[in-house]
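Just so you know, we're using numbering that gives the first Met the number 0 here: the sequence shown kicks off at 0 and counts up by one.
What follows is one structure encoded as C-alpha cells, with my remarks underneath.
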Amino acid sequence: MFRAYQTSLEFLQDNRSMLQKDPLQTVFFEENARNMPQITDRFQGFAVKIEQGGKTLLAARRLHFPMVLYGDSGLCGPLSEELAGRRLLFRQVLAAPELAQTFLICYMKAFGGTFRTLRLMDIMYCRRLNPSLPKEPEAETPGSGDLPALAALAGQFHREALGEAADLRRLMETLQRDLLRYRAVRRQGEVVSIAKKAREGQELCAVSNVYTHPAFRGQGLARQVVSSLTREILAQGKLPYLYVDQRNPISNRLYQRVGYVYHAPQGEYLYTPPGRGEKG
Numbered sequence: 000m001f002r003a004y005q006t007s008l009e010f011l012q013d014n015r016s017m018l019q020k021d022p023l024q025t026v027f028f029e030e031n032a033r034n035m036p037q038i039t040d041r042f043q044g045f046a047v048k049i050e051q052g053g054k055t056l057l058a059a060r061r062l063h064f065p066m067v068l069y070g071d072s073g074l075c076g077p078l079s080e081e082l083a084g085r086r087l088l089f090r091q092v093l094a095a096p097e098l099a100q101t102f103l104i105c106y107m108k109a110f111g112g113t114f115r116t117l118r119l120m121d122i123m124y125c126r127r128l129n130p131s132l133p134k135e136p137e138a139e140t141p142g143s144g145d146l147p148a149l150a151a152l153a154g155q156f157h158r159e160a161l162g163e164a165a166d167l168r169r170l171m172e173t174l175q176r177d178l179l180r181y182r183a184v185r186r187q188g189e190v191v192s193i194a195k196k197a198r199e200g201q202e203l204c205a206v207s208n209v210y211t212h213p214a215f216r217g218q219g220l221a222r223q224v225v226s227s228l229t230r231e232i233l234a235q236g237k238l239p240y241l242y243v244d245q246r247n248p249i250s251n252r253l254y255q256r257v258g259y260v261y262h263a264p265q266g267e268y269l270y271t272p273p274g275r276g277e278k279g
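Right under this line is the structure:
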C-alpha cells in the first residue's frame, strides 16, 4: 500500500508511533511537517508511506531540502517505482547510510543516473554535561550590533562546512530572524565564537552552526559556547543533539568532552538524473 499525504498533521498522526521509535533519526520529518502544513503540489514537497508485508518505509521532502527516509530498506524498490511514477522528484537524500544507498541503488537500476556522497555524519546527544568541565563564564546572546561579525562567521562556517559561498542576502535575513537563537563568546568586544539553537521541538533541540574564528581556535571557545548552550537546553527539559562531520575528529572529541555521546550515523547524498549534470 502506498499513501501520499495531503497535510502534515495527517502524516504525523498516522505515523506517530513509528516516528517516536527514534526521534533523533526522524527529527527532519517533524521539521518538514512544521514548515509544510498543507502539501498542495509536488513542487512544494511530499510526505509518503509505503507498507508491504508488515514493513514500512517513510519518505518526505520539503522544497529544495534533502528527501529524508526512515524505515525498512526492503521497500526501497517499490518506493522508487512509486516516486518516479508520480513524479515526486528529489535531488538529495538524507538518511542512515545503508538505507540511503540501498534506495539510490534501486532508483538508479530502474531509472538510471548516478549518485555521490556529499557528507557522512554522526548524530550525537547529551543527557548530562561532563562534571569535570572548567567553570567558564556563560556565553551571551548577541545583539543587532553584532550582525556584521555574525555574518562573517556564519559565512565562513558555510564555506568550510559546505564548500561553497553563502548567499549573503539570504544569510542576513536568516541571522536577523534567528538572532536570539545564537549564543556567542567575545574577545576584545568582538564576537569570535558562535553556536545556535535549531529545530527546537517539545523534546529535542539541536546545537548547530558551531564555529570559531580561525585566529581564536585552540582556546576552548567552542567548548565554552557549546557547553553553555547545551546547559541551557537541558535546563529546559529538552535533549540537546547535534550532527558532526565524520571527517572532523577534533570537533568530535570536543563534543565528547562536553558530554555528548554517539547515537547513529547519517549520510547525505546527491542524485543526478541521466543526461543531467550536477548543476542541471
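Where is the CB? At the ideal position from N, CA and C, for every residue including glycine.
Residue i versus residue j - alpha carbon distance
i, j, result
"residue 4", "residue 10", "6 Å"
"residue 145", "residue 153", "12 Å"
"residue 132", "residue 211", "19 Å"
"residue 213", "residue 31", "34 Å"
"residue 6", "residue 46", "8 Å"
"residue 88", "residue 16", "27 Å"
"residue 56", "residue 25", "12 Å"
"residue 186", "residue 104", "49 Å"
"residue 159", "residue 52", "44 Å"
"residue 102", "residue 262", "22 Å"
"residue 136", "residue 84", "57 Å"
"residue 50", "residue 2", "9 Å"
"residue 215", "residue 164", "22 Å"
"residue 130", "residue 225", "15 Å"
"residue 247", "residue 167", "26 Å"
"residue 179", "residue 63", "26 Å"
"residue 76", "residue 39", "26 Å"
Candidates the options, of which the one nearest residue i by Cα
i, options, result
"residue 218", "234, 154, 48 and 192", "192"
"residue 205", "50, 243 and 270", "243"
"residue 237", "158, 200 and 150", "200"
"residue 12", "63, 195 and 48", "48"
"residue 288", "38, 40, 58 and 39", "The structure shown has nothing for residue 288, since the chain only spans 0 to 279."
"residue 70", "162, 275, 122 and 20", "20"
"residue 126", "247, 235 and 266", "235"
"residue 122", "168, 134 and 251", "251"
Contact check, residue i vs residue j, beta carbons under 8 Å
i, j, result
"residue 72", "residue 106", "no"
"residue 197", "residue 209", "no"
"residue 270", "residue 90", "yes"
"residue 223", "residue 184", "yes"
"residue 44", "residue 273", "no"
"residue 28", "residue 92", "no"
"residue 65", "residue 203", "no"
"residue 124", "residue 239", "yes"
"residue 254", "residue 233", "no"
"residue 182", "residue 139", "yes"
"residue 54", "residue 74", "yes"
"residue 33", "residue 86", "no"
"residue 268", "residue 110", "no"
Where residue i falls, given that 16 or more other Cβ within 10 Å makes a residue buried
i, result
"residue 0", "exposed"
"residue 36", "exposed"
"residue 245", "exposed"
"residue 279", "Reliability of the predicted coordinates at residue 279 is poor, the pLDDT of 43 falling under 50, and no value is obtained from them."
"residue 143", "exposed"
"residue 151", "exposed"
"residue 141", "buried"
"residue 249", "exposed"
"residue 8", "exposed"
Would you say the segment 215 to 232 touches the segment 255 to 273, given that touching needs at least three Cβ pairs under 8 Å?
yes
Flag this pair as touching only if the segment 167 to 182 and the segment 107 to 121 have three or more C-beta atom pairs under 8 Å; answer yes or no.
no
Are the segment 86 to 99 and the segment 174 to 191 touching by the rule of at least three beta carbon pairs closer than 8 Å?
no
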